[in-house]
Amino acid sequence: FAGVGLASGAMMLGLLVSLRGGWGRVDRARVITASTLLLYVVPFSIAYLTLPSGVGALILFGVVQITMFGGSYLAGTQPSLRQWAGMAVAMAGLGWLLWPTESMTLNAVGVVFMVVSGFGWGVFSMRGRGSKDPLGDMALSFVICGPVALVLILVCEGWSLGGGPCAVVSGAISSGLGYALWYRILPQVAATTSAVAQLSVPVITIVAGAVLLNETITMSVVVASTVVLGGIALSVLKRA
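Numbering-wise, the sequence shown is residues 2 to 241 according to this note's numbering.
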């Protein structure tokens with residue numbers, strides 16, 4: 002899935018950049034950006050072999066938040082007290098979810114891969130804040146990842162009839178165009194705000210997983226999602 006997604010994303014973005022004219026050059030910065038994209042995509046796909054969709058998303062974006070807050074602090078941007086408090090509340094919700102119970106035990110290997118993926122996406126997002134050419138940067142990132150995508154496709158076994166087309170659509174539209182749009186938006190939003198706002202994605206994923214994949218929503222997941230959303234509101238919403 003990751004390999005096909007990267008390949009189809011590269012073709013879609015490559016077509017758009019070619020029509021626009023001007024690929025730009027492959028430099029050290031773009032190679033690093035492509036590396037962080039790989040650090041996100043490959044562990045992400047491996048992690049979801051063992052983790053439920055909503056739980057995996059909560060872990061992913063919890064780590065993204067820590068990474069982006071840390072990167073913002075190291076870059077000299079001091080988050081406000083409300084943003085720190087919002088992060089603390091949201092992370093408490095994530096901690097509630099990850100705390101082992103008799104009713105739910107998470108696969109440790111899957112958790113580790115998702116943590117690595119979250120770090121990759123966090124760094125990838127931080128690098129996007131300095132992008133001057135979002136479409137060009139994203140196109141070259143996907144193209145640079147091309148050899149890895151080819152290897153992933155060749156070693157994959159057990160293709161399903163519906164999985165291939167889904168991976169193509171996901172890679173071309175959700176990943177390729179979606180990531181380019183994300184790079185377009187990032188320079189206009191504070192890193193801490195974008196980090197916390199992304200924690201709404203796991204809650205959406207949990208609902209989608211229940212509706213589309215018949216995944217069970219436990220009380221722990223409900224409580225964790227509520228606390229996470231509360232942290233987002235505290236961090237993002239301005240005082241009246």
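For glycine and all other residues, C-beta sits at the position ideal for the given N, C-alpha and C.
Three-way DSSP call (helix, strand, coil) for residue i in this model
| i | result |
| --- | --- |
| Leu16 | helix |
| Ile218 | coil |
| Leu235 | helix |
| Ala86 | helix |
| Val27 | coil |
| Tyr49 | coil |
| Ser132 | coil |
| Leu141 | helix |
| Gly55 | helix |
| Leu107 | coil |
| Pro44 | helix |
| Gly77 | coil |
Reference residue i, options the options, closest by Cα
| i | options | result |
| --- | --- | --- |
| Gly94 | Val27, Val228 and Pro53 | Val228 |
| Ser221 | Lys133, Pro44, Val43 and Leu107 | Leu107 |
| Gln66 | Ala48, Tyr49 and Val90 | Val90 |
| Gly96 | Gly123, Leu17, Asp134 and Val64 | Val64 |
| Ala109 | Leu38, Tyr49 and Asn215 | Tyr49 |
Residue i vs residue j beta-carbon contact at 8 Å
| i | j | result |
| --- | --- | --- |
| Met115 | Gly55 | no |
| Ala86 | Leu235 | yes |
| Leu52 | Gly147 | no |
| Gly10 | Leu61 | no |
| Ala211 | Leu59 | no |
| Ile145 | Arg31 | yes |
Cβ separation of residue i and residue j, assumed to be a contact under 8 Å, to the nearest whole Å
| i | j | result |
| --- | --- | --- |
| Gly25 | Gly137 | 5 Å |
| Leu40 | Gly121 | 3 Å |
| Leu14 | Ala140 | 4 Å |
| Ser126 | Ala35 | Incorrect: roughly 14 Å between the Cβ atoms, too far for contact. |
Check: residue i C-beta below 7 Å from any heavy atom of the ligand FAD
| i | result |
| --- | --- |
| Val117 | With respect to the ligand FAD, the structure shown offers nothing to examine, as it has no ligands at all. |
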